[in-house]
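A.B. asks: Let me give you the structure first, and then I'll get to my questions.
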Amino acid sequence: MARKPARKASKKPARKPAKKASKKPAAKPAKQPARKPAKKASKKPAAKPAKQPARKPAKKASKKPAAKPAKQPARKPAKKATQKAAPKPSAKPATPAKPIPPKPASQPPMNEAAAARELIAEGPKPDHAMVAAARSALSVTPPQKLGDYQRDAASVQGEGNLGRFDVIIVGGGPGGSTLAALLRKQGRTVCVVERQAFPRFRIGESLLPFSMDIWKKSGVLPKIHEQGYLVKRGARFVLDETLEEECFWFKNGLDKDHPYAFQVQRGPFDKLLLDHARELGAEVFQPCSATGWRITPDKAVLITDRGEIEGDVICDVTGRWTFMSARQNQRRVHPQHRKITCFAHFNNVVRCEQDPNNIIIARFGEPKKGWFWLIPFADGTTSVGVVADAEYYRDSGKTPHDFFWESVRASRSMAPRMENAKACCDVLLESDFSFISDRHVGDRWIKVGDSGVFVDPVFSSGVFLSTKAADLAAGALEQAFARRDFSEAAFAGYEKLIRQGTGVFWAFIDAFYNRDFLKQMVTSNRRPLLQSSITSLLAGDIFNENNALIPYLTGKEGTLADPEVQALLG
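This is the structure:
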């Protein structure tokens, strides 16, 4: 019985000598029964020792299938590799090498109107150095608890004075670096204290068009154009249960001058903004942890693990780790928005059909009160996350990985898009509790962005609200220095604007969760004015007095009519 298969095997490789074919039975007839050729291969195990080391590259290839898909066939001669990685060949590992790429384009001119037209028409060219930095930053897990940011207080304090500046900024994210750049444009001496080395991983990767004006003012917008980020022209919203959907194009908003934004990997993007502030003359202490502060009648002093820094004003721009609010016990969680998020970056995700550069937001089950995001990047990877009620997640008893994938499989809109997805990193978990601080300003201190208020990220408002707050804070500080008045009263106008702007987004978000508003959104193409009004809010146009949707959401008939929410927002 054993001789007959041997004759058949010799017929197939008839083009070569039969002896050579018999020596390599495992190379080609991989689909035939492995037992028979294994006997021949076992006769001469020392004849081809060079193929045994192929097992090591096979393991490396399994960790990074997108990096070297061509070398994956080397798994065939390795018996163990073929057993463990059996599902890999069926996933067609060659496909990650050809993700949906942006159309190549020459570097856009720095005239902003011309840049917008060219970027929207052709799409940017990815910068490989920035892509490499983004991949590297994926290995850094963001802090999971508020206490992580405060642990540095127990470290040994540095000695000496690190200098005196007009403004001390704690936090080097988009808000802190933008504020530093704007203040340097005013001629102020500025330092930035950032506890982490950049690049580091962050979510919040989809930007809004109304941030572009602020970055133009700070001078960094031309550099953003050069990086090759995907141009975001709109946002697609999907009602998961019925698959009803609508794509909102920024060019159709009430304001026609803000037609685009970008999809960015935050690691290299945040570094770009901070490097720009440094180039403008801001002193950057990094890594350096702020551990406390004190205020005197004539100065503000920041205490760090490297020494003390003196200035006229301290600006807390530390994001959701709330350097000041946590110590002041002023962090008030929104009663209706206690969420968690599970997320990762993936290859082989099916993107938006109308425009592969657009973000997708898919709302699912009312009892779960959750939604998915899908944000594409220029290197072919995609950020995907699920946001759900913290109580619903806790009751599930699942790990972040299992909760994420079970949510995907249960989704009518997301399951087909994620069918062949391959994760680039572990599924991460973060609390996503919306909160607000009792006070945003005080004598010689200001809270900017998420350090003072954090709203649910369903409309990608995080980076925009941080940079908008930085813009407003820069204006308030300019007036304060002109008057040499750094009192709480001097910054009252700034706090009023912050509460007004975030109140609009909070009302918009509340409508998304608690009303049949999403149904109106996905059918708004039948009501052009409603669609334009929604589009303007999605772009970040929160101070537009001509948008009738704003007073509806925030007025006596809107979401802010709830007494509990009114008390929270002040």
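Every position in the sequence shown, counted from 1, becomes a number in our numbering once 2 is added. No residue lacks a Cβ here, since even glycine has one placed at the ideal position from N, Cα and C. Just so we're clear, the structure is a prediction, and the values are computed from it rather than from any experiment.
1) The beta strand (DSSP E) that contains residue 237, what's its start and end?
2) For residue 352 and residue 418, which I take to be in contact (beta-carbon distance under 8 Å), what is that distance rounded to the nearest angstrom?
3) Among the residues of its own chain, which have a CB less than 7 Å from the CB of residue 538, if the five just before and after it don't count?
4) If you draw a straight line from the alpha carbon of residue 489 to that of residue 460, how long is it in whole angstroms?
5) Using a Cβ distance threshold of 8 Å, determine whether the stretch 423-439 contacts the stretch 341-355, with at least three qualifying pairs required.
6) Any contact of the stretch 382-394 with the stretch 328-337, i.e. 3+ C-beta pairs under 8 Å?
7) Per DSSP, residue 349 is paired with what?
8) Exposed or buried, which one is residue 553 when buried takes at least 16 other CB atoms within 10 Å?
9) Whole angstroms is fine: what's the gap from residue 448's alpha carbon to residue 282's?
10) State the DSSP-derived secondary structure class of residue 411, mapped to helix, strand or coil.
11) Count the C-beta pairs between the stretch 167-175 and the stretch 191-203 that are closer than 8 Å, then say yes if the count reaches three, no if not.
12) Give every residue of the same chain whose Cβ lies closer than 8 Å to the Cβ of residue 168, excluding the five residues on either side of it in the sequence, and list them in chain order.
13) To test your reading of the DSSP string, which unbroken alpha helix (DSSP H) runs of 4 or more residues are found completely within the stretch 455-518?
14) Going by the CB atoms, is the gap between residue 416 and residue 379 shorter than 7 Å?
15) By the 10 Å Cβ neighbour count, where 16 or more other Cβ atoms means buried, how is residue 498 classified, buried or exposed?
16) Give the straight-line distance between the Cα atoms of residue 252 and residue 445, rounded to the nearest whole angstrom.
17) At the level of alpha carbons, what is the spacing between residue 421 and residue 162?
18) By Cβ distance, which residues of its chain are closer than 8 Å to residue 246, with the 5 residues on each side in sequence left out?
19) Put residue 48 into one of helix, strand or coil per three-state DSSP.
20) With a threshold of 8 Å on Cβ separation, who are the neighbours of residue 475 within its own chain once the five nearest residues in sequence on each side are excluded?
21) Less than 7 Å between the C-beta atoms of residue 264 and residue 225, yes or no?
22) Hey, residue 348 and residue 425 are a contact pair by Cβ (cut 8 Å); roughly how many whole angstroms apart?
23) Mind reading off the beta-carbon distance from residue 164 to residue 287? Whole number of angstroms is fine, and I expect it under 8 Å.
24) Can you list, in chain order, the residues of its chain with a C-beta nearer than 6 Å to that of residue 199? Leave out the 5 residues immediately preceding and following it.
25) Please look up how many angstroms separate the CB atoms of residue 469 and residue 208, rounded, as I've assumed it's under 8 Å.
26) Do residue 541 and residue 210 come within 7 Å of each other at the CB atom, strictly closer than that value?
27) Taking only runs that begin and end inside the stretch 298-335, name each unbroken alpha helix (DSSP H) of 4 or more residues, in chain order.
28) How big is the Cα-Cα spacing for residue 301 and residue 187?
29) Does the Cβ of residue 423 have 16 or more other Cβ atoms within 10 Å, making it buried, or fewer, making it exposed?
30) Measure from the alpha carbon of residue 327 to the alpha carbon of each residue in 441, 467 and 527, then state which is nearest.
31) Compute the distance between the beta-carbons of residue 467 and residue 509, then report whether it is under 7 Å.
32) Buried or exposed, going by whether 16 or more other CB atoms sit within 10 Å of the CB of residue 296?
33) So, with DSSP's three-state summary, where would you put residue 446?
34) Measure the C-alpha to C-alpha separation of residue 365 and residue 411 and round it to an integer number of angstroms.
35) Assign residue 275 to buried or exposed, taking buried as 16 or more other Cβ atoms, counted over all protein chains shown, within 10 Å of its Cβ.
36) In three-state DSSP terms, what is residue 387?
C.D. replies: With the given structure in hand:
1) Unbroken beta strand (DSSP E) run through residue 237: 236-241.
2) 7 Å
3) 255, 256, 257, 546 and 549
4) 35 Å
5) The stretch 423-439 is in contact with the stretch 341-355.
6) The stretch 382-394 vs the stretch 328-337: no contact.
7) 424
8) exposed
9) 22 Å
10) helix
11) yes
12) 185, 190, 191, 192, 313, 314, 315 and 483
13) 464-485 and 494-516
14) For residue 379 and residue 416, no; Cβs fall outside 7 Å.
15) exposed
16) Approximately 40 Å between the Cα atoms of the pair.
17) 57 Å
18) These residues qualify, in order along the chain: 240, 521, 524 and 525.
19) Interpretation of residue 48 is limited by its pLDDT of 41, a score under 50 that renders its predicted location unreliable; the figure taken from the coordinates is listed afterwards. Note: residue 48 maps to helix in three-state DSSP.
20) Taken in chain order, the residues that qualify are 181, 317, 448, 450 and 496.
21) The Cβ atoms of residue 264 and residue 225 lie no closer than 7 Å to each other.
22) 5 Å
23) 7 Å
24) 289
25) Actually they do not touch by this definition, with Cβ atoms about 14 Å apart.
26) yes
27) 325-330
28) 23 Å
29) buried
30) 441
31) no
32) exposed
33) coil
34) 14 Å
35) Classification for residue 275: buried.
36) strand
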